[in-house]
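Okay, structure first, notes after.
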Amino acid sequence: MRIMSLNAWGGTLHVPLLQYLASEAPEVLCLQEVIHSPETDKADLTYRDGEHVLPQRANLFSEVAGALPEHVAIFCLAAQGMLWDGETPVPSRWGLATFVHPSLPIIGQAQGFVHKGYEPDGFGDHPRSRSAHAVRVFDHVRGRAVSIVQMHGLRDLRGKMDTPERAVQARRFLALLQQVAEPGDLRIACGDFNVEPESATLRLMTEDGLTELVTTRGFEGTRSVHYAKPGKFADYMLVSDAAAVRGFSVVRDPEVSDHCPLLLEL
């Protein structure tokens, strides 16, 4: 079984992104920063937040679902706000997506918020609402259940330091995993956590019995060359049983986002 976690960067590099996902086709794909704009057939829109302006793929969720046509596609929104077609506002939904191949039947799932709650009338002030999604699947090849939870951690304009909000976020994230997982499950937590390796968030998860794979396996960051700011860590993958890991990589080629895909093989 292969599990991938990736911040899709709103589909900024959608051509190589879709090609890569179709080629790799991991059994479970945990995708963050996904746009879903069902009210428009426009391919591209623009996100505006002061001086922060980014191209966005209007219906990235549907496009990834098309690249993985056999997978069950689940969209978990955090907020609905406006993206822009020139000067025309377009209602657009922003959140997470999980894609699961039918060879792994979903036998449990839970969706919830790790920071704030659903914002129906705009993306809101920073730090904005953040959702998380957990699925419990059954691996018939190995005869075991695997519980996987992902989140896109809150973005604090001051940086990636420990804050009370991030502490609450981490506890809610683990609680969602615990809600889905049953005794004996292999547990996996992943996503763009927006924290540093020495953060209290990762310490809390380690204390819960999870082993973090990015730093313990010597990777020097998870951001691609498209990310020019300081601080090269954001994304993490943790497992409850390191002996179950057949392989793990931070994928740097091809470049499909300003984040690198994390690819776990069990």
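Quick note, the sequence shown lines up with residues 1 to 266 if you use full-length UniProt numbering.
Idealized CB from N, CA, C, for every residue including glycine.
With contact defined as three or more Cβ pairs closer than 8 angstroms, the region 25–35 and the region 91–98 are in contact.
Counted as a single uninterrupted DSSP element, the alpha helix (DSSP H) harbouring His14 occupies residues His14 to Glu24. The Cβ neighbour count for Ala170, taken over all protein chains shown within 10 Å, is at least 16; the residue is labelled buried. Apart from sequence neighbours up to five positions away, the residues of its chain that approach Ala242 with a beta-carbon distance below 7 angstroms are Thr211, ordered along the chain. Taking C-beta separations shorter than 8 angstroms and ignoring five residues to either side along the sequence, the partners of Leu13 in its chain run His226, Glu255, Val256 and Ser257, following chain order. In this structure, Glu119 lies away from Gln56, with their beta-carbon atoms at least 9 angstroms apart. Around the beta-carbon of Ala43, fewer than 16 other beta-carbon atoms lie within 10 Å, marking it exposed. According to DSSP, residue pairing for Ala132 in a beta bridge involves Gly112 and Met151.
Listed in chain order, the non-local C-beta contacts of Met1 below 8 angstroms within the same chain comprise Glu27, Val28, Leu104, Asp139, Val141, Arg142, Val146, Glu265 and Leu266, local neighbours out to five positions each way being set aside.
Membership of Glu265 in the beta strand (DSSP E) is indicated by the continuous run Leu262 to Glu265. Contact between the region 116–130 and the region 59–68 is absent: fewer than 3 CB-CB pairs across the two stretches fall below 8 angstroms.
Under the three-state reduction of DSSP output, Leu96 falls in the strand class.
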